[in-house]
Structure formats: structure tokens, C-alpha cells
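If you count the sequence shown from 1, position 10 lands on 10 in the working numbering, and the numbers rise without skipping. For glycine and all other residues, C-beta sits at the position ideal for the given N, C-alpha and C. The block underneath contains the structure these notes are about, expressed in C-alpha cells.
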Amino acid sequence: MALNAYFENAKGIGVLATADGEGHVNTAIYSRPHIMDDGTLAFIMNDRLSHYNLQSNPKACFLFKEGQDGYRGKRLYLTKIREERDSDLLQQLKRRSYPPKRETHEPKYLVFFKLDKELP
């Protein structure tokens, strides 16, 4: 099953793991990735520790556990390839994914990754 179809239908919880250039690890709860037409994966990020870590270390791992009994899901090993700050595409994806709420003036980033490896 293609990743875009999988993430359109799967319900569960996701955790993004990053590490800075010195190897200090961080994990954070993240929603499902946006699968772009070119096959890259994108996450909307605030300017917090996960985003900070990716500035010095482009490697990340996204673990998605399906919301059912057992251990079904995916592990996606990723490499950051680029990012956009407060772009039109980010705004389109955000409106599609999140219910409207009070906007903050905090910058948001759309961070794109290539998929290095996928494991169950």
C-alpha cells in the first residue's frame, strides 16, 4: 500500500525523533506526514527543539503506531531535504489538516524529507 493511501486511512499516534549535531535526542508527538506528489514527506513544525535539531542533523525517524491492539504501524527513516517558512503551501496543508483556531504569530515551517527506509 502506498504511503499516501496508508496515512489517509490509518488512525493512530506519531512520534518524531530527532537529534542535534552532538547526538542529543528529542522526541515529540506529530501528526501524520503529508505525502507530496513527488514522494517526499512533509511535516508542519513550530520553531521548537525538533526543528532546531534538524538544522545541524538532517536525520529523523517517524514512528507511527496504529490505534488498535497490538503493534501495527510504520517506522520511517528520513533525511531532511529542504524547508519553507510560512509558505502558501504550508497554509493550504494546515487548513486541510487542522480545525481553525486562534492564530499565533509564531513562525511555522514546512519541512520536507526523503524516505530512506520504511519498516513495520
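{"Check": "Are Gly42 and Pro33 close, meaning C-beta to C-beta below 8 Å?", "Outcome": "Note on residue identity: the sequence assigns Ala, not Gly, to residue 42. Yes, they are a contact pair."}
{"Check": "State the Cα-Cα distance for the pair Tyr6 and Gly73, rounded to the nearest angstrom.", "Outcome": "10 Å"}
{"Check": "Can you check which of these residues, Phe62, Glu66, Gly70 and Leu110, is closest to Arg82 by C-alpha distance?", "Outcome": "Leu110"}
{"Check": "So who's on the other strand from Thr18, going by DSSP bridges?", "Outcome": "Asn26 and Ala60"}
{"Check": "Apart from the five residues just before and just after Arg48, which ones in its own chain have a Cβ nearer than 8 Å to its Cβ?", "Outcome": "Ala28"}
{"Check": "Run through the DSSP bridge pairs and tell me what Glu66 is partnered with.", "Outcome": "Gly12"}
{"Check": "Using 10 angstroms around the beta-carbon of Ala2, count the other beta-carbons present and answer buried if the total reaches 16, otherwise exposed.", "Outcome": "exposed"}
{"Check": "Am I right that Glu66 and Lys11 are in contact with their C-beta atoms under 8 Å? What's the rounded C-beta distance?", "Outcome": "7 Å"}
{"Check": "Bridge partners of Ile44, per DSSP?", "Outcome": "Leu110"}
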